[in-house]
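Residue numbering for the sequence shown follows our numbering, beginning at 1147 and increasing consecutively. For glycine and all other residues, C-beta sits at the position ideal for the given N, C-alpha and C. Since we're looking at a predicted model, the values are computed, not measured. Below: one structure, written as structure tokens.
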Amino acid sequence: MKVAIVAAEMAPHAKVGGLADMIASLPPALARRGAQVCVILPGYRALLESIPTESIAGEFGLRLGTELSGFGLRSGIGDRGVPLFFIEHHDFFSRYGIYGGDYYDNLRRYIFFAKAAVKAAAQAIKPDVIHAHDWHAGAAPIVMRADPALRERLEGCISVLTIHNVAFQGRGPADYFDLLNIDRRYFSIDGAEFYGQLNLLKGGAAMADAVTTVSPTYAREICNDPALGEGLEGVLRARGDAFSGILNGVDYSLWDPATDRRIVANYTPDDPSGKRRCKEDLRARLNLPPAVRPLVGMVSRLTTQKGFDLLLDAMEGIMQLDLDLVILGSGDYWIEQGLQAAQRRHGSKLRLMTGYDENLSHGIQAACDIFLMPSRFEPCGLTQMYALKYGSAPVVRATGGLADTVAEYNPSTGSGNGFRFEPYESASLLAALAKALEVWHDAAAWSRLMRNCFAADFSSDYTACQYLELFHRVRRQS
Ligand code: ADP
1147 MKVAIVAAEM
1157 APHAKVGGLA
1167 DMIASLPPAL
1177 ARRGAQVCVI
1187 LPGYRALLES
1197 IPTESIAGEF
1207 GLRLGTELSG
1217 FGLRSGIGDR
1227 GVPLFFIEHH
1237 DFFSRYGIYG
1247 GDYYDNLRRY
1257 IFFAKAAVKA
1267 AAQAIKPDVI
1277 HAHDWHAGAA
1287 PIVMRADPAL
1297 RERLEGCISV
1307 LTIHNVAFQG
1317 RGPADYFDLL
1327 NIDRRYFSID
1337 GAEFYGQLNL
1347 LKGGAAMADA
1357 VTTVSPTYAR
1367 EICNDPALGE
1377 GLEGVLRARG
1387 DAFSGILNGV
1397 DYSLWDPATD
1407 RRIVANYTPD
1417 DPSGKRRCKE
1427 DLRARLNLPP
1437 AVRPLVGMVS
1447 RLTTQKGFDL
1457 LLDAMEGIMQ
1467 LDLDLVILGS
1477 GDYWIEQGLQ
1487 AAQRRHGSKL
1497 RLMTGYDENL
1507 SHGIQAACDI
1517 FLMPSRFEPC
1527 GLTQMYALKY
1537 GSAPVVRATG
1547 GLADTVAEYN
1557 PSTGSGNGFR
1567 FEPYESASLL
1577 AALAKALEVW
1587 HDAAAWSRLM
1597 RNCFAADFSS
1607 DYTACQYLEL
1617 FHRVRRQS
């Protein structure tokens, strides 16, 4: 089976969050299962400067509304031997960064990208499946269905849209619909129209042959809970069995303390002594006292989605607990300010590192005893799965993928791999942390918990199997 993955991010060179990690890990996992996979990406500068490419197939013409534009197609090979295709367009993609914070022309850029990707697939790749990710690629399933020429060229090819975060939908004024160059009847309740506006994620979700999101619990939540569905509950419910949740997987060739080159000492479940060295090293580097109390870590975008408003509310209570807290993050300015103020008040036990730092993110996973994720909502979350692999017990709010991957530790039976809380309230967060600390003080119980963490297996191979099953099923049905 030939699968073309269309996405706006890919780790390590074009990464904003978990989407990038998945686009790096899923294709090789699909290939290991026998699929012929390629990834189509925007030709961002960072990608074209780090991966050798060659131009193929000359210049493609593409209509964007009334403009006739063109793009180049370059090909290269990714780290794991996966063929990559880059949509080259000087104005739209030859920029540093990815979304540029929020470039004013992002809607145009990604409509162009998704249309170009489908056109390139139809002419140069001829896949059986186009697997589009998030709103940036949302126009792909729309034009595959609504553009008669593309439909003909891609006969027999199915479209699957994966939603990594339903909060980002790619909405814009109604006249942006014209950039799709499809019949006006698709600006409707069954198409890309949403309360009088263009909505690429909604259009893709309504028109793709199948829709997935990145965990089973998040799939249920965004169908049933208006606070999480962001208005798309009805659209997703209406898809019935064509909408499902498939848990994202981890690329353990990058995230394994036994082999990770970004950490100061490697370790294994049988000999976790290297973890102590990682902890000592991080504590020394951050000028924190030696390990007399547990180290709690966070690596995250600084947003309310990730629970930072709750964290700030609970901060005084957290700082009363016998722990040190290390946070690596970048994101909303007001959150950064709030954390910095907390750091000034509690300089002896709180460290905030702002910015994006891949090495430090691995270092924190390896060094901490407890990994904190108090997310308001969490489509999947990869960092708690990384924490498990590094023997760091997650303390999480039981939502979305966190609920699917973290089970409450029960000291009397020895089952479970972390600590969960539900109400989005300081008291619940503090109670979960306090419970984790209590177990930490019981060395035998903690070592049992660490073994359970190490044993959790969320390999992307399993994710790939589920996607392949889905692709085969949808192809049989269409
Ligand atoms: P999301 O995609 O919602 O941001 P995930 O947990 O799925 O959350 O994935 C986040 C990814 O981004 C992980 O690989 C995490 O290590 C990484 N990450 C987040 N913030 C930073 C940061 N400041 N520096 C380095 N890596 C980060």
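Are the CB atoms of residue j and residue i within a distance shorter than 9 Å?
| i | j | result |
| --- | --- | --- |
| L1506 | L1485 | no |
| L1548 | P1440 | no |
| L1307 | G1377 | no |
| I1233 | Y1322 | no |
| K1581 | F1565 | yes |
| A1262 | L1346 | no |
| D1251 | A1292 | no |
| V1410 | G1509 | yes |
| Y1613 | L1176 | yes |
| M1168 | L1230 | no |
| G1337 | A1365 | no |
| K1535 | Y1332 | no |
| T1414 | A1430 | no |
| Q1530 | A1313 | no |
| I1309 | T1363 | no |
| T1449 | D1478 | yes |
| A1320 | L1344 | yes |
| A1553 | S1561 | yes |
| R1178 | D1607 | yes |
| A1513 | D1427 | yes |
Rounded to whole angstroms, how far is the Cβ of residue i from the Cβ of residue j, which I believe are closer than 8 Å?
| i | j | result |
| --- | --- | --- |
| L1579 | V1541 | 6 Å |
| A1150 | I1271 | 5 Å |
| L1165 | H1279 | 6 Å |
| L1325 | R1254 | 6 Å |
| P1525 | L1457 | In fact, because the Cβ distance is near 19 Å, the residues do not count as touching under 8 Å. |
| A1295 | A1260 | About 16 Å; that fails the 8 Å criterion. |
| D1550 | S1361 | 5 Å |
| P1557 | A1610 | No, P1557 and A1610 are not in contact; Cβ-Cβ is about 36 Å, not under 8 Å. |
Figure out for me which residue from the options has the closest Cα to the Cα of residue i.
| i | options | result |
| --- | --- | --- |
| G1501 | I1473, A1267 and L1528 | I1473 |
| L1400 | K1148, L1172 and I1151 | L1172 |
| M1444 | I1516, L1219, G1342 and R1422 | I1516 |
| K1148 | N1563, R1220 and H1618 | H1618 |
| V1264 | V1228, H1310 and P1188 | P1188 |
| V1438 | D1470, F1604 and V1185 | D1470 |
| A1268 | A1286, R1254 and R1255 | A1286 |
| K1348 | A1365, T1363, E1379 and Y1364 | E1379 |
| T1559 | C1526, R1594 and W1586 | R1594 |
| G1222 | V1185, S1446 and A1388 | V1185 |
| R1220 | G1227, G1204 and G1211 | G1204 |
| D1503 | I1368, G1284, R1408 and R1597 | R1408 |
| A1488 | A1384, V1381, S1476 and M1461 | M1461 |
| A1544 | Y1532, L1518, S1538 and N1412 | L1518 |
| S1446 | L1382, G1527 and R1383 | G1527 |
| S1215 | D1225, F1238 and T1199 | F1238 |
| Y1242 | G1420, R1317 and V1162 | V1162 |
| P1158 | W1480, A1539, V1585 and R1226 | R1226 |
| F1454 | L1496, H1492, I1481 and G1246 | I1481 |
| D1468 | G1246, K1495 and D1459 | K1495 |
| Q1182 | D1274, G1318, A1160 and R1621 | D1274 |
| T1537 | G1546, V1396, Q1511 and F1523 | Note that residue 1537 corresponds to Gly in the displayed sequence, not to Thr. The residue with the shortest Cα to Cα distance from G1537 is Q1511. |
Under the three-state reduction of DSSP, which class applies to residue i: helix, strand or coil?
| i | result |
| --- | --- |
| H1618 | helix |
| R1317 | strand |
| F1340 | strand |
| H1159 | coil |
| I1473 | strand |
| M1499 | strand |
| A1411 | coil |
| I1169 | helix |
| P1174 | helix |
| P1188 | strand |
| A1356 | strand |
| A1365 | helix |
| N1394 | coil |
| I1151 | strand |
| S1507 | helix |
| S1605 | strand |
Problem - alpha helix (DSSP H) runs contained entirely in the stretch 1517 to 1603, provided each spans 4 or more residues - result: 1529 to 1535, 1546 to 1551, 1572 to 1586 and 1589 to 1601
### Task
Just list the alpha helix (DSSP H) runs in the stretch 1417 to 1471, keeping only unbroken ones of 4 residues or longer that don't cross its boundaries, in chain order.
1419 to 1431 and 1454 to 1466
query: What are the uninterrupted segments assigned as alpha helix (DSSP H) that are 4 or more residues long and contained completely in the stretch 1196 to 1261, given in chain order?
result: 1236 to 1239
Complete runs of the beta strand (DSSP E) confined to the stretch 1266 to 1327 [at least 3 residues]: 1275 to 1279 and 1304 to 1309
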